[in-house]
Each structure stands twice: as C-alpha cells, then as structure tokens.
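K.L.:
Numbers given in our numbering equal positions in the sequence shown, counted from 1, plus 39.
This is the structure, below, for whatever I ask next.
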Amino acid sequence: MLHEKLSSIYDNVLRRNPGEIEFHQAVREVLDSIGPVLGKHPEYAESKIIERICEPERQIIFRVPWMDDQGQVQINRGFRVEFNSALGPYKGGLRFHPSVYLGIVKFLGFEQIFKNSLTGLPIGGGKGGSDFDPKGRSDREVMRFCQSFMTELYRHIGEYTDVPAGDTGVGGREIGYLFGQYKRITNRYESGVITGKGLVYGGAQVRTEATGYGCVFFVDEMLKARGTSFDGKRVVVSGSGNVAVYAIEKVEQLGGLVVACSDSSGYVLDEKGIDLELLKQIKQAERGRLDAYAQRRDHATFVSGRSVWEVPGEVALPSATQNEITGEAAAAMVAGGLVAVGEGANMPTTPEGIKVFQEAGIAYGPGKAANAGGVATSALEMQQNASRDSWTFEFSEQRLQEIMHDIHDRCLSTADEYGMPGNYVAGANIDGFRRVADAMLALGLI
Ligand code: GLU
C-alpha cells in the first residue's frame, strides 16, 4: 500500500502518461520505497519534489529518415528524454531496438536519475534511443542511420548539457558514427559530449567492461556481507551482449562457474562453464546467434525459444532486458537453490518476481545499484576527457571497484537507517532519491 500522498501522485502519473506501462512500473517501484523518507523530510512534500521528479524536464521526439542499401527510404522515430539535471548534465544511454517508444525511454530515464545519484558522481539523468533495429543491417546502413539520428540530436546535447552513451543496440560502432557526425556538424572535437568512445579517439579504459564487471563486484559485496563468495558458485546469466559478456568474464576471474547465457533466440547450457573466447567470437566478432556456440562445442546444448531462468543456479545475473524474470520464474529460481541476484539489465525483474526474491530472503541487488558501474565509468570518461588525460586499465578498474563497494555499503546502511536491514531496493531508492531531492531544494523552484 502506498502512503496517501504518494498514491495521489501515482494516480496523476498514470493519468498524465497513458499507456506507458514500463514508466508506470519504474515510478511505482520508487514510490513504494520512499514513504518513510517523507515522514522524516516534510520539506520534500512541501516543495513538491516527487511530483517534479516524475515529470521530465524536457522530452524530444524526432524523425530519423535514412536510406537503406536497396536505396529505399526508411523512417524511424528518435527520442531523448532529459529527465533531471539537479546533480549534473543529463546522462544516460541510447537504446536502438524495435520495442523502443516513449514509455521505455521514460522508464529508463527515470531509473537513471536515481542510479546516477547513487554513484555519487556529478551526473543528472536522461535516456534516449530509437525504434531502429540494427539487427541484420549492414555497417553502412547503421552509419547512415546514426548520422541522421545525430543530425537532429546534436542541437540538444553537449558536454555541459546532455551526454549520451550506449545501451541495448548501441555499442562501440554506433558511438563512433554518432560522435563522428557530431564533430562534423559542430566543427568541435568535444570529447565529453558522448561516452563509450573507442580508446583511439578519447574513450576510457574499462568503460566497455564496466557494467558487467561492476555488477559482479556488487554481487561479490552482497555475498561477502553474507559471509560467502563467488568461489565455486554456479552462475546463470541472461543475455550475451556487452553487459553479459563482461559479467561472465569477471565471474570466471573470481572463481565462479557460469553455466548458461542467452539471446533472443534461446539459451545455451554448458556445464563445463561458458567458453568466453568462443562467446565473444560469435556474439561480438560475427554478430551471430547463440546456436552457433553449441554447434562448435560438443558438450554444450542450445535450447531454442525458452527462458534461461529454468536453469538452476546459486547466482543469477539478469543482463538482457526489462521484465524478463516473472513471479513464476523467480519461484523456480528460488527452488533451484538461488542465493543472490545482481541485475545487469535495467528493471529485468517484474514486481511479482521482486516480491518472491525478497520474501525468500535472497540477496537481491536491483539494477539501479548493481548496474551503476557502467554509467559511473562514463562519468570517469568525462573526467578524463575534461582533463585531457587517460588512466590505466588497472587504475580505472580499481576506481570502479571502489565505487561499487561504496554503493553497496550505502544501500545497506540506508536500509538499516530506515529499519529495513538487507533491503537493497529500499536502500538504493532512498539513498538515490535523497541526494537528488536535496539538490533540487537547494536550486530553488526550477
Ligand atoms: N545505458 C547504461 C545504463 O543503463 C549506461 C549509460 C551511460 O553510460 O551513460 O546505465
């Protein structure tokens, strides 16, 4: 049950944003946690901080026309939601996926506000993307799309204004084309305008690995808090994109055994442990499908069209997409011996799934906290760009590890402070919210 004031705020969010179900879900999840904060801080309600946080500062929707390899004109829709800039320039990725519409961009942008706040770094929250599907498109098509996308977006972004990066469907290749077009149109080599850049043109060490590594560091902290570790643990990962691949890499370095990962076609089960080099070859170099993995490794099996969450494991790292773990899947995971969950993806667990994990006493690290290492390392990239410096891999990874350790401890101590020990959801939402709310109060009614 929502606190009375929050319930009328939530009703307004539903009314003002019809049909945007993922956005509703993301707002509800935060509102469910912050009731006790309002009791302690009446000034937040007086200044309508929550109502203001739920309304994006600016929403941009634009046409993206481009020509495919057959010479046909294609039209996509582009989005950038500049949600909150109380703590710094809007910061958040771009997602290129056919499912993208305003409700997805707003859920991601809303989450990003609190995630970015949790990092303790000076970044506001925003998100963008397009319903463009890069799958099956040639490099030239992707380049033409990115150039057209940036030809509109460039006027809205800037190193002090709004700093995009990657998300699903936007990796190093796309970031390169986007930055190239920005540089060309503006005639400015403004490295800090976008993050996730390649190392040869202003990118930062560890940015590619950061979301996956950071998620595993976070889970490692949760396990340590319970007196255990990754050593010898059986781990299941969903996805096989950038987040999943580097989560698998770090789990293997810490002594865990990743037995399964997935893509949109199904999952692969490899009881000897996922062969990371083969996975990288298929998913990164060849941009292929996971069934190719089983074809090239005798003892592995590919299971078509089913959810990877039917595979039992002690640690689960959902790193594919939103709402992939239903209540039913969560119950099966718990029955299979689950100890900890670290969300590499944004909002991968449904509200029913979260309830199952929490009632079973699973160490459950929500995405805002567990996957914050990606955007945190983006902020470190901005820092290096601003000082025209570049740090070593070792130093950057150490910074990432410290940041994840810090986020973990703050989630736990905030949960303790509010009488909900071990509740990382409450800890993350309350701690992330408080910092933004205090900055908004300090900045006046803007
Ligand atoms: N898209 C990533 C996220 O969900 C990274 C954003 C960034 O680096 O700005 O946090």
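Note that CB positions come from ideal geometry on N, CA and C, so glycine has one too.
Here the structure is a predicted model, which is why all the values come from computation and not from measurement.
(1) According to the neighbour-count rule (16 or more other Cβ atoms, all chains shown, within 10 Å of its Cβ), is PRO548 buried or exposed?
(2) So, with DSSP's three-state summary, where would you put ASN123?
(3) Can you pull the DSSP bridge partners for GLN98?
(4) Just confirm the distance between the C-beta atoms of VAL120 and LYS166, as a whole number of angstroms; I'd bet it's less than 8 Å.
(5) For a test of your reading of the model: does the CB of LYS44 fall under 6 Å from any non-hydrogen atom of the ligand GLU? Yes or no.
(6) Is it true that the CB of GLY237 sits closer than 7 Å to the CB of GLY211?
(7) Does the region 73-90 come close enough to the region 415-430 that 3 or more CB-CB pairs lie under 8 Å?
(8) So, under 8 Å CB-CB, ASP302 and SER279 are touching, yes? Tell me the CB distance rounded to an integer number of Å.
(9) When DSSP builds the beta bridges, which residues end up paired with LYS166?
(10) Taking its Cβ as the centre, do 16 or more other Cβ atoms sit within 10 Å of PRO173, making it buried, or is it exposed?
(11) Hey, would you say GLY205 sits closer than 7 Å to GLY132, going by beta carbons?
(12) Quick one: is the Cβ of ASP206 within less than 6 Å of any heavy atom of the ligand GLU?
(13) Is it buried or exposed for GLN334, if we count other Cβ within 10 angstroms and need 16 for buried?
(14) Buried or exposed: PHE432, going by 16 or more other Cβ atoms within 10 Å of its Cβ?
(15) Please state the DSSP three-state secondary structure of MET459.
(16) Take every Cβ of the region 404-417, pair it with every Cβ of the region 257-266, and state whether three or more of those distances are shorter than 8 Å.
(17) With burial defined as no fewer than 16 other Cβ atoms inside 10 Å of the residue's Cβ, what is the status of SER187: buried or exposed?
(18) Name the one or two DSSP bridge partners that CYS300 has.
P.N.:
With the given structure in hand:
(1) One cannot answer for residue 548 here, as it falls past the ends of the chain, which runs 40 to 485.
(2) DSSP places ASN123 in strand when its eight states are reduced to three.
(3) GLN98 is bridged to VAL120.
(4) 6 Å
(5) Incorrect: LYS44 has no Cβ contact closer than 6 Å to the ligand GLU.
(6) yes
(7) no
(8) Right, the Cβ-Cβ distance comes to about 5 Å (below 8 Å), so this counts as a contact.
(9) VAL120
(10) buried
(11) yes
(12) yes
(13) exposed
(14) exposed
(15) coil
(16) yes
(17) buried
(18) DSSP output for CYS300 lists VAL307 as bridge partner(s).
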